[in-house]
Amino acid sequence: MKANSLHKAFKLDNVSYTKQSLLQKAQSFIDKSNDFEAEIGRFLIDWLDDNDTLKVQTSGSTGDPKSIHLSKEAMKASALATGTYFNLIPGQTALLCLPVSYIAGKMMLVRAMVLGLEIDTILPKIDLDLSSKGYDFVAMIPSQVDKNKDILNQFSIVIVGGGSIPHSLKHELQQIKASVYETYGMTETITHIAIKPLNKVDYKPYFKILPDITISQDERNCLVIDAPNISKETIITNDVVNLYSDTEFEWLGRVDHVINSGGLKLFPENIEAKLEPYLDVPFFIASQPNSTFGEEVILIIEGETFPIDSHVYKDLNKAEIPKHVYFVPGFVETASGKIQRQQTLNLLS
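Going by full-length UniProt numbering, the sequence shown opens with residue 1, and the numbers climb by one from there.
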């Protein structure tokens, strides 16, 4: 059976389709002025054609966005792995509330077509316009989860990816009945290859990988992923990790973000996690040259200038305390809401 064959239980917005009728529906989406529906239409046509691969766009969170080709067979394998992990079965319901211009949105449609899910679509806004209908499965970005906490119990399973999840939000999720999971992945791994529960269990800092994937570290202590069903090539990431076992790892931060101050390696993401309970404005940690220590920590805040009380730094060690604070009117972000750090730092010059 071809990778892009439609499961007989698949429905899109409450309608069942054959391959031919879905192609017709896809064209009707393209003919509309709504960009979101047009993206759905273009993707469905690409997915249903006879090519073995399709072109997708990376998010640009760690560099310039680029186009890569992914195997449809690998995308099907990723969908099946997700279905196995979460025990998704034909006829269950799903919601697409992410743009289909990027892999996370595309894979929600692929999972529905491969697993036989009944998927509804709504505009991918931060503040979702959702009816009272319940769903078994949804993928969101952190800002959507934060903005829509009052409706999360309409879902059974919520997976969250595309950005860091604030400590305060993790705390609030403990009151949510839905099972919420943080995901680790990227376009090259066809969305997530590892999952971490955020509620209903004792919180643990590590991700657990999906079936048929092995992990290791390179000489930089960065994660190396072997996922033969998803990628023919070993994927070498720039994510520094601690390995807890052959199937579990803790994410520490990006190697390209590491700050070397006086011989100490400081991870901005760790410092940000310590600051997050005390700063209720968007911010991130970066560095600038220092003649004595090589680099020094700086704090970048979005918005109007205000004084920083010293208690904000009480959980930081001496090397982690920002030596300078800079304010910018607005952060540069990707379409999925990730802060583009270097582009934002360029606003300071």
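For glycine and all other residues, C-beta sits at the position ideal for the given N, C-alpha and C. Predicted, not measured: the structure shown is a model, and the values here were computed from it.
Output the boundary residues of the beta strand (DSSP E) element that contains residue i.
i, result
"Ser71", "67-71"
"Asp239", "235-243"
"Asp146", "From DSSP, Asp146 is part of no beta strand (DSSP E) but of the alpha helix (DSSP H) over 142-147."
"Pro197", "191-197"
"Val100", "First-last for Val100: undefined, no H or E at that position."
"Thr93", "93-96"
"Phe283", "283-290"
Report, in whole angstroms, the separation of the C-beta atoms of residue i and residue j, which I expect to be a contact under 8 Å.
i, j, result
"Ser156", "Ser179", "7 Å"
"Ile230", "Thr187", "Their Cβ separation, rounded to whole angstroms, is 11 Å, which puts Ile230 and Thr187 out of contact at 8 Å."
"Leu169", "Pro142", "7 Å"
"Leu130", "Gln154", "7 Å"
"Leu70", "Leu48", "Wrong, their Cβ atoms sit about 15 Å apart, outside the cutoff."
"His192", "Tyr203", "At roughly 19 Å, the Cβ-Cβ gap does not stay under 8 Å, so His192 and Tyr203 are not in contact."
Where residue i and residue j are concerned, what is the direct C-alpha to C-alpha distance, given to the nearest angstrom?
i, j, result
"Lys72", "Phe249", "28 Å"
"Pro211", "Val114", "17 Å"
"Ala3", "Gln144", "31 Å"
"Asn238", "Arg254", "6 Å"
"Asp52", "Thr344", "38 Å"
"Leu205", "Val110", "Before going further, note that residue 205 is Pro rather than Leu in the sequence given. Looking at the two C-alpha atoms, the distance is approximately 29 Å."
"Arg220", "Val258", "11 Å"
"Ala194", "Tyr85", "10 Å"
"Ala81", "Phe327", "43 Å"
Would a C-beta distance cut-off of 8 Å place residue i and residue j closer than the cut-off?
i, j, result
"Ile298", "Gln288", "yes"
"Phe284", "Ile321", "no"
"Pro166", "Glu276", "yes"
"Ile45", "Val56", "no"
"Ala94", "Ile119", "yes"
"Thr121", "Ile30", "no"
"Ala139", "Leu88", "no"
"Ala74", "Met107", "no"
"Asp246", "Thr234", "no"
"Leu348", "Val312", "no"
"Ala104", "Gly161", "yes"
Taking the continuous alpha helix (DSSP H) assigned at residue i, which residues delimit it?
i, result
"Gly41", "35-48"
"Gly253", "Element bounds for Gly253: not the alpha helix (DSSP H) but the beta strand (DSSP E), 248-254."
"Thr214", "Where Thr214 is concerned, there is no enclosing alpha helix (DSSP H), although the beta strand (DSSP E) it sits in stretches over 214-217."
"Thr334", "Premise fails: Thr334 is in no alpha helix (DSSP H) and is neither H nor E."
"Phe29", "19-31"
"Ile176", "Here Ile176 belongs to no alpha helix (DSSP H), and DSSP marks it neither H nor E."
Closer than 7 Å: is that where the CB of residue i sits relative to any heavy atom of the ligand ADP?
i, result
"Asp246", "Absence of the ligand ADP from the depicted structure is noted, as is the absence of any ligand whatsoever, leaving it without description."
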